[in-house]
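Right, one structure below, let's go through it.
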């Protein structure tokens with residue numbers, strides 16, 4: 354959350370879970386500077402901060418072989434982060450996404466465009482037999498038309514499938530919605546999916562553990 358004032362809760366959580374790769378959303382210039390506290394844990398940090406809620410960053414323990422943050426929707430703020438790594442002779446790719454919330458018709462249409470473009474990226478990778486992860490705040494429930502279309506086009510498995518009580522938003526309400534998701538290609542075995550504690554955002558963090566098959 355851009356307005357989150359509790360840097361220590363965010364960095365403390367990340368130091369506890371020791372994730373290999375972290376995708377941050379709503380990265381403002383203030384948050385980009387604050388997250389420099391994690392440079393010892395994540396020496397490879399790539400961010401495009403913004404004053405609105407669409408800044409993005411990806412932090413990694415291992416250096417990516419490629420990384421870019423680029424527009425995939427209709428507006429300059431419709432960003433996604435794309436990165437790839439080589440590890441122990443295996444190559445894999447990840448997209449971190451944050452389309453707009455569908456509180457107006459044009460935003461709903463724009464979200465479809467955004468997710469369709471990310472699905473095309475996934476298809477391109479899968480044609481080359483590259484393992485794929487897509488993760489982020491989709492601003493969409495699993496049963497929404499946008500999510501059903503994305504699942505079909507991207508040819509990926511939603512790790513939230515079958516989940517009922519592990520929703521991530523909104524922290525301050527008793528009935529939360531499942532709008533943060535992680536999708537995996539068939540190259541991956543899902544080891545664990547956890548929703549983390551409140552860290553000052555209106556979302557709880559989503560933590561995925563996965564292993565490449567045959568590794």
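Numbering (our numbering), first residue to last: 354 to 568.
Ideal Cβ placement from N, Cα and C applies to all residues, glycine included.
The count of Cβ pairs closer than 8 Å, one atom from the region 506-515 and one from the region 400-415, stays below three, leaving the stretches out of contact.
When secondary structure is reduced to three states using DSSP, residue 401 falls in the strand class.
The beta carbon of residue 538 lies closer than 7 Å to those of 479, 484, 485, 509 in the same chain, with the five residues before and after it left out. The straight-line gap separating the alpha-carbon atoms of residue 563 and residue 404 is approximately 33 Å. Inclusion of residue 553 and residue 358 in the CB contact set at 8 Å is warranted, their separation being smaller than that value.
In this structure, the straight-line span from the alpha carbon of residue 392 to that of residue 453 is close to 29 Å. Taking C-alpha positions only, residue 386 is separated from residue 482 by approximately 37 Å. In the three-state reduction of the DSSP assignment, residue 474 falls in the helix class, which pools H, G and I.
As a beta-bridge residue in DSSP terms, residue 377 pairs with 410. The Cβ atoms of residue 400 and residue 418 do not sit closer than 8 Å to each other.
The beta carbon of residue 356 is closer than 6 Å to none in its chain, skipping five residues each way along the sequence. Only residues of its own chain outside the window of five on either side were considered, and among them 433, 471, 487, 489, 491 have a CB closer than 7 Å to the CB of residue 450, listed in chain order.
The DSSP-derived three-state label of residue 384 is helix. According to DSSP, residue pairing for residue 486 in a beta bridge involves 447, 537.
For residue 434, the uninterrupted beta strand (DSSP E) segment begins and ends at 432-440.
Comparing alpha carbon positions, the residue from 468, 427, 475 closest to residue 447 is 475. Ranked by Cα distance from residue 362, the first of 445, 551, 561, 555 is 551. Taken atom to atom, the span from the alpha-carbon of residue 519 to that of residue 512 is near 11 Å. Under a 10 Å Cβ-count criterion, residue 459 is classified as exposed, with fewer than 16 other Cβ atoms of the shown protein chains found around its own Cβ. Taking the CA atoms as reference points, residue 440 sits about 12 Å from residue 414.
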